[in-house]
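Only one structure is covered here, and it is reproduced in the block below.
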Amino acid sequence: TAPPGRRAPEAAMSDPSAGGPQAVATPSRSLAVALLDVLRMAVPRRLRGSIAEAQGALARRRRFALLLAATSGAALWALERLVDSIQRALIYHPARNKAQLEQGRQLTNHARRSLAAQSYEVREIAYDAPAGGWLSGGAKWRHHGKLVVPCMQGTKLGESPAISTLWAVFGGNAMVADDWLPFVQELLERPEAAPLPPRRVAFLLLDYPGYGQNEGVPSAAAALRSAEAGLRAALEELRRTSPTSGPRALSFLGHSLGCAAVTQVVAKLATERPSWLGEAALARQVVLSAPFTSMPGMGRVLLGQLPGSSIALAVLARISRHRWDNVAALRALARAARNGDAPSLTILHGMWDEIVPVQMGRTLHQVCREAGLTSAKFVERCTGHNDILNEAFSEFARLLLEDGADCQAGASS
């Protein structure tokens, strides 16, 4: 029994007049309280202080562990953001000085006039690309692209004649969509382009997030979302204006970083086959110019001789958002192609490439063969990285303008 003037613990829990909590006592709770009282009474008085000190020390350790975990998490997040910022600065170069911008405008204006003489027009398309990420809250970035489409007499203003192939074109890490207009202009001035009907081609020139007029910041995932949105917008525009409901096939051209943009979007579309593709054949041709194996692979090329670089690169490879892995994408494309027609894939690489070693192009060709893309071709030319588009222009013209069945003729394997 409780001493006079002291209410038993279980009574205090059940009697509202006691001023304590109004919980209703249960047999199990009463027994637990009683056992605690017995244990307290059984512990010698001189040990009670030690137990209290131990409990306080344990509480302090828990608080320290929580603080350490929070601090470590914040430090890792800050490190990841720092590494991400450094990688962005090293990989992407969307900004240009005034002289370069002015030169680009002059070339673009000249190309537009020349394209008009070739019965082609340049249309601006605008579309929304998902920003991505759980912090974005479903936000979208406003992106822009350029459609170079044929125009013919007899069609209404804003309409296009029948288009057989839409070429989606992706540039290197210091290129913008306008840079491709002189390339397309020269392409259509080639003798091979003269007998275009009924084999007319159109070109979709796309920028990465943060490039040109595009909002956002570049990354592999962001570029993939933007490319999908751009392709969908282009197909909708062509179906709206073409009497034959748009192109019969899609083909892809990428240079340097653009190769990785091409392989990842083609692999995803081949795997998922979204409904907005309609009847268009996906990736009738894929042309990769000066591709690398992956961004970590490029890191090993650039930093492989420095002390401790292997450890640093291994860490970066795990936390990087910019892997741009052509090897993985080509293998995924090969798996998807087993259930359908495999694309006609050609890799062009300069033997004197001073940025991306030609061995990387050879490696990707071998990956294609081993993965089942047995029709893949590899073409080497005596040129460097940035001048391959000019020095090997005849190869590009043949690939982009000839029929898919004939476009591989003469390519080296």
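Quick note, the working numbering runs 10 ahead of the 1-based positions in the sequence shown.
Yeah, the Cβ is synthetic: ideal placement off N, Cα and C, and Gly gets one too.
- Inclusion of A407 and L197 in the CB contact set at 8 angstroms is warranted, their separation being smaller than that value.
- Beta-bridge partners assigned by DSSP to G360: R391.
- Residue state for V276 is assigned as helix, using DSSP reduced to three classes.
- Here P301 is near G371, since their CB atoms are less than 8 angstroms apart.
- Within a 10 Å sphere around the beta-carbon of W286 sit fewer than 16 other beta-carbons, which makes this residue exposed.
- The residues R133, I135, L157, in chain order, have a CB closer than 8 angstroms to that of E247 in the same chain once the five nearest residues on each side in sequence are set aside.
- It is roughly 10 angstroms from the alpha-carbon of A352 to the alpha-carbon of A280.
- Judged by their CB atoms, W177 and V227 are not nearer to each other than the 8 angstroms cut-off.
- For G288, the number of other beta carbons within 10 angstroms of its own is below 16, and it is reported as exposed.
- Exposure of P284 is indicated by the presence of fewer than 16 other C-beta atoms within 10 angstroms of its C-beta.
- Residues of the same chain with a CB within less than 7 angstroms of the CB of H265, apart from the 5 flanking positions on each side, are G181, G182, S299, A300, L399 in chain order.
- Each of L410, T303, V276 was checked against the Cα of R345, and the nearest Cα belongs to V276.
- A Cβ-Cβ separation of about 6 angstroms places C269 in contact with N336 under the 8 angstroms criterion.
- At a Cβ-Cβ threshold of 8 angstroms, V179 and L125 do not count as neighbours.
- When C-alpha distances from A338 are compared across W362, Q376, E364, the shortest belongs to Q376.
- Cα atoms of G220 and A230: separation of roughly 12 angstroms, rounded to the nearest angstrom.
- A direct Cα-Cα distance of roughly 24 angstroms separates E131 from R294.
- Q195 and A184 have their alpha carbons spaced roughly 20 angstroms apart.
- Annotation for Q110: the continuous alpha helix (DSSP H) segment containing it runs 108–127.
- Here M308 is buried. Its C-beta has 16 or more other C-beta atoms within 10 Å.
- Within the same chain, and ignoring the five residues on either side of A342 in sequence, the residues whose Cβ sits closer than 7 angstroms to its Cβ are A277, T281.
- The DSSP-derived three-state label of Q295 is strand.
- For the set T356, T251, V311, the Cα lying nearest the Cα of E390 is the one of T356.
- Using a Cβ distance threshold of 8 angstroms, A402 and L358 count as a contacting pair.
- By DSSP's assignment, F193 forms no beta bridge with any residue.
- Rounded to the nearest whole angstrom, the CA to CA distance from T393 to E364 is 10 angstroms.
- Here N224 is buried, its C-beta having at least 16 other C-beta atoms within 10 Å.
- Within the DSSP bridge table, the entry for T384 names no partner.
- Inside the region 231–271, DSSP marks whole beta strand (DSSP E) runs of 3 or more residues at positions 259–265, from first to last along the chain.
- Collapsing the DSSP output to three states places F74 in a helix.
- Rounded to the nearest angstrom, the gap between the Cα atoms of A381 and N396 is 29 angstroms.
- Residue environment: Q274 is assigned as buried (16 or more neighbouring CB atoms within 10 Å of its CB, all protein chains considered).
- Per the DSSP secondary-structure output, S285 pairs with nothing in a beta bridge.
- The secondary-structure analysis by DSSP pairs G155 across a beta bridge with I135, L216.
- Secondary structure note for A178: its beta strand (DSSP E) is the uninterrupted segment 175–180.
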